[in-house]
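Just so you know, the protein sequences line up as chains D and V, in that order.
Taking the working numbering, I'd label the letters of the first sequence as residues 1 to 113.
Taking the working numbering, I'd label the letters of the second sequence as residues 1001 to 1111.
Each remark here refers to the structure printed beneath this line.
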Amino acid sequence: NAGVTQTPKFRVLKTGQSMTLLCAQDMNHEYMYWYRQDPGMGLRLIHYSVGEGTTAKGEVPDGYNVSRLKKQNFLLGLESAAPSQTSVYFCASSSLGPSSEQFFGPGTRLTVL
Amino acid sequence: QQPVQSPQAVILREGEDAVINCSSSKALYSVHWYRQKHGEAPVFLMILLKGGEQKGHEKISASFNEKKQQSSLYLTASQLSYSGTYFCGTGGQGGSEKLVFGKGTKLTVNP
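Shown next as structure tokens:
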């Protein structure tokens, strides 16, 4: 039982490049979330999903896209990376949304030059 | 709207107590508490739900005042392992599926 895993752990991009972050969970959770964490800002929600095939915008969705084609996977895409997207990205999952705990992945540290 | 946590930082000696507060301007359905150590992912501590239900670790205690839209996390007889940043996440009413997290409270426990 691996819980929530994220790929890759570290990445450096140049401005304008694209990339996809992969989040996978093996707990059969319906809800999945992508957050970014910047110093002093806490965790800010980018996008989330309440089940396979669904996605919704969070607090800071601009510049990101997501897909949830399979229940266990939640992908976060950056089409044209900008230095403002330098951050640590965390994926999380939960079984019952706000009524249940969120399990976080180990994070991806992304630097955009 | 982002909940407000106080204090922003606190320094304790081992064995001392601390209270971390979280307040919201909106009516709350749930309050979550997580702890994050440097370079690691946040780890679940407790959920408090409207109506009084609580789920979490036995050694952690917290309160949820629905009328005041506030929650407090109580850390008693602190240990070195309690050091880290504590986040509250609030879930609103109306079927909202997401949490909004505060900016965090940094707790340092010294020997």
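Glycine included, every Cβ here is placed at the ideal spot set by N, Cα and C.
Any chain D beta carbon closer than 8 angstroms to residue i
i, result
"residue 1073 (chain V)", "no"
"residue 1041 (chain V)", "yes"
Any C-beta of chain V under 8 angstroms from that of residue i
i, result
"residue 106 (chain D)", "yes"
"residue 79 (chain D)", "no"
"residue 93 (chain D)", "no"
"residue 90 (chain D)", "yes"
"residue 8 (chain D)", "no"
"residue 67 (chain D)", "no"
"residue 85 (chain D)", "no"
Closest by C-alpha distance to residue i, when choosing among the options
i, options, result
"residue 1016 (chain V)", "V:1078, V:1044 and V:1042", "V:1078"
"residue 11 (chain D)", "D:79, D:103, D:86 and D:100", "D:86"
"residue 99 (chain D)", "V:1030, V:1001 and V:1107", "V:1030"
"residue 1052 (chain V)", "V:1044, V:1071, V:1038 and V:1018", "V:1071"
"residue 102 (chain D)", "D:9, D:48, D:75 and D:15", "D:48"
"residue 108 (chain D)", "V:1040, V:1018, V:1111 and V:1109", "V:1040"
"residue 63 (chain D)", "D:26, D:104, D:73 and D:15", "D:15"
"residue 1089 (chain V)", "D:7, D:45, D:9 and D:106", "D:45"
"residue 1 (chain D)", "D:61, D:24, D:59 and D:66", "D:24"
"residue 95 (chain D)", "D:9, D:8 and D:51", "D:51"
Cβ-based neighbour list, residue i, same chain, cut-off 6 angstroms, excluding 5 preceding and 5 following
i, result
"residue 97 (chain D)", "31"
"residue 1055 (chain V)", "1047"
"residue 1073 (chain V)", "1020, 1033 and 1062"
"residue 1049 (chain V)", "1030"
"residue 60 (chain D)", "44 and 46"
"residue 73 (chain D)", "24"
Other residues of its chain near residue i: CB distance less than 8 angstroms, five sequence neighbours each side excluded
i, result
"residue 13 (chain D)", "19, 78, 81, 110, 111, 112 and 113"
Own chain residues within Cβ distance below 7 angstroms of residue i, not counting five before or after
i, result
"residue 1087 (chain V)", "1034, 1036, 1042, 1101, 1102 and 1104"
### Query
Touch check for the region 27 to 45 of chain D and the region 1012 to 1027 of chain V: three-plus C-beta pairs under 8 angstroms?
no
#### Entry: Chain-ordered residues of the region 1047 to 1065 of chain V with a beta carbon less than 7 angstroms from chain D
Result list: 1047 and 1049.
### Message
At a CB distance below 9 angstroms, what residues from the region 21 to 36 of chain D approach chain V? Give them in sequence order.
### Response
Taking 9 angstroms as the Cβ-Cβ cut-off against chain V, the residues of the region 21 to 36 of chain D that qualify are 31, 33 and 35.
### Task
Give a yes or no on contact between the region 18 to 28 of chain D and the region 1050 to 1066 of chain V, applying the rule of three or more CB pairs nearer than 8 angstroms.
no
#### Entry: the region 39 to 64 of chain D: positions lying closer than 8 angstroms to chain V by Cβ
40, 41, 42, 43, 44, 45, 48, 50, 56, 58 and 59
### Query
Any residues in the region 1012 to 1031 of chain V with a beta carbon nearer than 7 angstroms to a beta carbon of chain D? Which ones, in chain order?
1029 and 1030
### Task
Answer yes if the region 84 to 95 of chain D comes into contact with the region 24 to 38 of chain D, meaning at least three C-beta pairs across the two stretches below 8 angstroms, and no otherwise.
yes
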